[in-house]
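Trainee: Here's a structure for you.
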Amino acid sequence: MLSVSAICQNMQMGTTTALWKDPSVTGFMEAKSNGIEYVEVALNQCYRNVPEEDVLPKIYALKSKIDSAGLKVWSIHLPFSKTLDISVLDDKDREKNVRFIAGMIQTSAIFNPSKLVLHSSSEPIADSVREQRIQNAISSIGILRKYADEIGVQLCIENLPRTCLGNTPEELLRIVGDYPEVGICFDTNHYLTGTPAHFAQLAGHRIGTLHISDYDGINESHWIPGDGNIPWMELIGIIKEKGYKGIYMYEALKRKNGERATATQLAESFEIINRDK
Numbered sequence: 026m027l028s029v030s031a032i033c034q035n036m037q038m039g040t041t042t043a044l045w046k047d048p049s050v051t052g053f054m055e056a057k058s059n060g061i062e063y064v065e066v067a068l069n070q071c072y073r074n075v076p077e078e079d080v081l082p083k084i085y086a087l088k089s090k091i092d093s094a095g096l097k098v099w100s101i102h103l104p105f106s107k108t109l110d111i112s113v114l115d116d117k118d119r120e121k122n123v124r125f126i127a128g129m130i131q132t133s134a135i136f137n138p139s140k141l142v143l144h145s146s147s148e149p150i151a152d153s154v155r156e157q158r159i160q161n162a163i164s165s166i167g168i169l170r171k172y173a174d175e176i177g178v179q180l181c182i183e184n185l186p187r188t189c190l191g192n193t194p195e196e197l198l199r200i201v202g203d204y205p206e207v208g209i210c211f212d213t214n215h216y217l218t219g220t221p222a223h224f225a226q227l228a229g230h231r232i233g234t235l236h237i238s239d240y241d242g243i244n245e246s247h248w249i250p251g252d253g254n255i256p257w258m259e260l261i262g263i264i265k266e267k268g269y270k271g272i273y274m275y276e277a278l279k280r281k282n283g284e285r286a287t288a289t290q291l292a293e294s295f296e297i298i299n300r301d302k
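Counting with the numbering used here, you get residues 26 to 302 for the letters of the sequence shown.
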């Protein structure tokens, strides 16, 4: 098999640690053997359904596995859940959530990442409270960006689907608009009322990192590129034109047929999105 490094002259790929239900040194070494040099650490693997006292030990154990395989960390996906939401209406709950995320940012420094990915909300969000939720998210990001600055990492707010905040490029640009140092994490699966190309045209100048996967244009699917209907040559051309020079971070977890994706399949699919225009 042709290695990723031989295929890709100007682009480098990575994958989320969520590719593996139970990340291991063996799995990470398989990724590296396929030319995948970078990972995004999905901190939910260390947080969701994990006793509080076990969260930090699991984070340190995950770091040890990544280091043992010789992989580099490009980004950290900060934890999120229905309740761990920086836009909630209750001020006490919001302050508690912001404090927790701030602590996770400080802990993330051990990975020496370049980017931090943050969700601006969970869902559902009713139209009647959307404006207040947007204002709450903006205020929370204003606090959390300072913690990111302290560890020398760019905070990137992810575009999200359905009724979540940041579900259009216009709304997401508004959410980050007061903070020029804050970027966008462009998830190619999450813009459901337009095309990924349209999103990139409008918001590409603020993209700090990517979540790469394919879908049917109806709802997020997180398929391997090539299994859905995204025109990758067009999309990557726009992303490059807008100045993106970072890692092409895969958040592709499965095939269209439902089978869980493998690192080998991700590496093979990378050729699809790296063809010359």
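Ideal placement from N, C-alpha and C gives every residue a C-beta, glycine not left out.
1. Using the C-alpha atoms, what's the distance from residue 65 back to residue 28?
2. Please report the distance separating the alpha-carbon of residue 74 from that of residue 104.
3. Since residue 249 contacts residue 291 with CB under 8 Å, what's their CB separation in whole angstroms?
4. Taking the beta carbon of residue 6 as the centre, do at least 16 other beta carbons fall within 10 Å, making it buried, or is it exposed?
5. Would you call the stretch 199-211 and the stretch 81-95 touching, i.e. three or more CB-CB distances under 8 Å?
6. I believe residue 247 touches residue 278 by the beta-carbon criterion, under 8 Å. Please report the beta-carbon distance rounded to the nearest angstrom.
7. Determine contact between the stretch 158-167 and the stretch 103-123, defined as no fewer than three beta-carbon pairs at a distance below 8 Å.
8. Would you report the Cα separation of residue 252 and residue 239, rounded to the nearest angstrom?
9. How big is the Cα-Cα spacing for residue 185 and residue 125?
10. Kindly indicate which three-state DSSP category residue 196 falls into: helix, strand or coil?
11. With distances taken between CB atoms, is the gap from residue 87 to residue 48 smaller than 8 Å?
12. Looking at residue 56 and residue 102, is the spacing between their C-beta atoms short of 8 Å?
13. Terminal residues of the continuous alpha helix (DSSP H) containing residue 84?
14. By Cβ distance, which residues of its chain are closer than 6 Å to residue 63, with the 5 residues on each side in sequence left out?
15. Ignoring anything shorter than 3 residues or poking outside the stretch 120-183, list the beta strand (DSSP E) runs there in chain order.
16. What did DSSP end up calling residue 286 once you bin it into helix, strand or coil?
17. Expressed to the nearest angstrom, what Euclidean distance is found between the alpha-carbon atoms of residue 109 and residue 149?
Mentor: The structure says:
1. For this step, residue 28 is matched to residue 3 along the sequence shown. For this step, residue 65 is matched to residue 40 along the sequence shown. In this prediction, residue 28 has a pLDDT of 40, which is less than 50 and means its spatial position is unreliable; nothing more can be read from the coordinates.
2. As a position in the sequence shown, residue 74 is number 49, starting the count at 1. As a position in the sequence shown, residue 104 is number 79, starting the count at 1. Between residue 74 and residue 104, the C-alpha separation is close to 12 Å.
3. Numbered from its first residue, the sequence shown carries residue 249 at position 224. Numbered from its first residue, the sequence shown carries residue 291 at position 266. The C-beta distance from residue 249 to residue 291 rounds to 7 Å, short enough to fall under 8 Å.
4. Absent from the structure is residue 6, since the part of the chain shown begins at 26 and ends at 302.
5. The stretch 199-211, when compared against the stretch 81-95, does not touch it at the 8 Å Cβ threshold.
6. For the purposes of this step, residue 247 is taken as the residue at position 222 of the sequence shown. For the purposes of this step, residue 278 is taken as the residue at position 253 of the sequence shown. Rounded to the nearest angstrom, the Cβ distance from residue 247 to residue 278 is 5 Å, consistent with a contact under 8 Å.
7. Here the stretch 158-167 lies against the stretch 103-123, with 3 or more beta-carbon pairs under 8 Å apart.
8. The residue you call residue 252 lines up with position 227 of the sequence shown. The residue you call residue 239 lines up with position 214 of the sequence shown. C-alpha separation (whole angstroms): 6 Å.
9. Taking the first residue of the sequence shown as 1, we reach residue 185 at position 160. Taking the first residue of the sequence shown as 1, we reach residue 125 at position 100. Distance between residue 185 and residue 125, taken at the CA atoms: about 21 Å.
10. In the sequence shown, counting from the first residue as 1, residue 196 sits at position 171. The answer is helix: DSSP assigns residue 196 an H, G or I state.
11. Taking the first residue of the sequence shown as position 1, residue 87 is located at position 62. Taking the first residue of the sequence shown as position 1, residue 48 is located at position 23. In contact: residue 87 and residue 48 (Cβ atoms closer than 8 Å).
12. The residue given as residue 102 occupies position 77 in the sequence shown. The residue given as residue 56 occupies position 31 in the sequence shown. Not closer than 8 Å, so no.
13. Residue mapping note: residue 84 aligns to position 59 of the sequence shown, counting from 1. Unbroken alpha helix (DSSP H) run through residue 84: 77-94.
14. By 1-based counting over the sequence shown, the position of residue 63 is 38. Cβ-Cβ distances below 6 Å link residue 63 to 39, 97, 99 and 272 in the same chain, with the five nearest sequence neighbours on each side left out; the list follows chain order.
15. For the stretch 120-183, whole beta strand (DSSP E) runs of length 3 or above, ordered along the chain, are 140-143 and 179-183.
16. Here residue 286 refers to the residue found at position 261 when the sequence shown is read from its first residue. Coil, per DSSP.
17. Working through the sequence shown from its first residue, we reach residue 109 at position 84. Working through the sequence shown from its first residue, we reach residue 149 at position 124. Their Cα atoms are separated by approximately 14 Å.
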